[in-house]
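Student: Okay, handing you the structure first.
In the UniProt record's numbering, the protein residues as written are 1 to 189.
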């Protein structure tokens, strides 16, 4: 396509939202996520991400607000990569190998409105939150839904979402999510 002029007929910006929508339309019934005994299709993944975006929007998150996540490679983290941009926010995935001081510094710099934490890393997250003044609400990601926690659990959080939520991302409003990928690179020790 060298020498062609970019227009709506031959160019659409790449976005996690458009990727997920296209995957759900083309491969809707095909498997998208397999993790231990969990299996989701592309349609289910899209629906879960829409629920997530809905709940985040209901919390008052607006464009460019930060949502932090401290979790290994689990299905909820994958959903955050789609659902957070759908809500117009920026996802900051924190390194699970950071110590509490490094996490505290990252949280202080990014000032997340919500903090998603895997239950196995909860004590580390709590230690880091004790070192900062502004403490975002924690949503715990757990593999065992019956596990008791003083925090809201991810599946409960997700279940309150609106399945008819509209992301509002049309061609006129489409924007690049490149900045979301690079946000972690701007944290200095």
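Backbone N, C-alpha and C fix where the C-beta goes; we use that ideal spot for every residue, glycine too.
(1) Give me the residue from 112, 141, 96 and 143 with the minimum Cα distance to residue 124.
(2) Cβ atoms of residue 117 and residue 140: under 9 Å apart, would you say?
(3) Hey, could you find the ends of the alpha helix (DSSP H) residue 7 is sitting in?
(4) In the DSSP assignment, find the alpha helix (DSSP H) that holds residue 149 and state where it starts and stops.
(5) Rounded to whole angstroms, what is the Cα-Cα separation between residue 138 and residue 70?
(6) For residue 70, which three-state DSSP category applies?
(7) Can you name, in chain order, every residue of its own chain whose Cβ lies under 6 Å from the Cβ of residue 104, other than the five neighbours on each side?
(8) Alpha carbon to alpha carbon, how far is residue 79 from residue 49?
(9) The beta strand (DSSP E) spanning residue 62 covers which residue range?
(10) Are the stretch 51-68 and the stretch 82-102 touching by the rule of at least three beta carbon pairs closer than 8 Å?
(11) Considering just the uninterrupted stretch of the beta strand (DSSP E) at residue 118, what are its terminal residues?
(12) Residues in its own chain within less than 8 Å of residue 191 by CB, not counting five upstream and five downstream?
(13) Taking DSSP as the reference, what is the three-state secondary structure of residue 91?
(14) Exposed or buried, what is residue 163 when buried is set at 16 or more other beta-carbons lying within 10 Å of its beta-carbon?
(15) Rounded C-beta distance between residue 38 and residue 167? I'm assuming under 8 Å.
Tutor: Once the coordinates are examined:
(1) Mapped onto the chain shown, residue 124 falls at position 124. When each option's Cα is compared against that of residue 124, the closest is 96.
(2) Numbered from 1 along the chain shown, position 140 holds the residue referred to as residue 140. Numbered from 1 along the chain shown, position 117 holds the residue referred to as residue 117. Contact flag set, yes.
(3) Counting from 1 along the chain shown, the entry for residue 7 is found at position 7. Segment: none, residue 7 is in no alpha helix (DSSP H) and carries neither H nor E.
(4) Taking the first residue of the chain shown as 1, we reach residue 149 at position 149. Counting along the chain, residue 149 falls outside any alpha helix (DSSP H), and DSSP gives it neither H nor E.
(5) Working through the chain shown from its first residue, we reach residue 138 at position 138. Working through the chain shown from its first residue, we reach residue 70 at position 70. Cα to Cα, the separation comes out at about 10 Å.
(6) On the chain shown, position 70 is the one that residue 70 refers to. Strand at residue 70.
(7) On the chain shown, position 104 is the one that residue 104 refers to. Closer than 6 Å at Cβ, skipping near neighbours: 128, 131 and 132.
(8) The residue labelled residue 79 in the question sits at position 79 within the chain shown. The residue labelled residue 49 in the question sits at position 49 within the chain shown. Cα-Cα distance, rounded: 6 Å.
(9) Within the chain shown, numbered from 1, the residue matching residue 62 stands at position 62. Looking at the DSSP string, residue 62 is not in any beta strand (DSSP E), and its letter there is neither H nor E.
(10) Cβ pair count under 8 Å is three or more, so yes.
(11) Position 118 of the chain shown, counted from the first residue, corresponds to residue 118. Where residue 118 is concerned, the enclosing beta strand (DSSP E) stretches over 114-118.
(12) Residue 191 falls outside the range modelled here, since the chain spans only 1 to 189, and no answer is possible.
(13) In the chain shown, the residue the question calls residue 91 occupies position 91. Taken through DSSP and simplified to helix, strand or coil, residue 91 comes out as strand.
(14) As a position in the chain shown, residue 163 is number 163, starting the count at 1. Residue 163 should be labelled exposed.
(15) By one-based count along the chain shown, residue 38 stands at place 38. By one-based count along the chain shown, residue 167 stands at place 167. Distance from residue 38 to residue 167 at the Cβ level is roughly 24 Å; contact not present, criterion being Cβ atoms closer than 8 Å.
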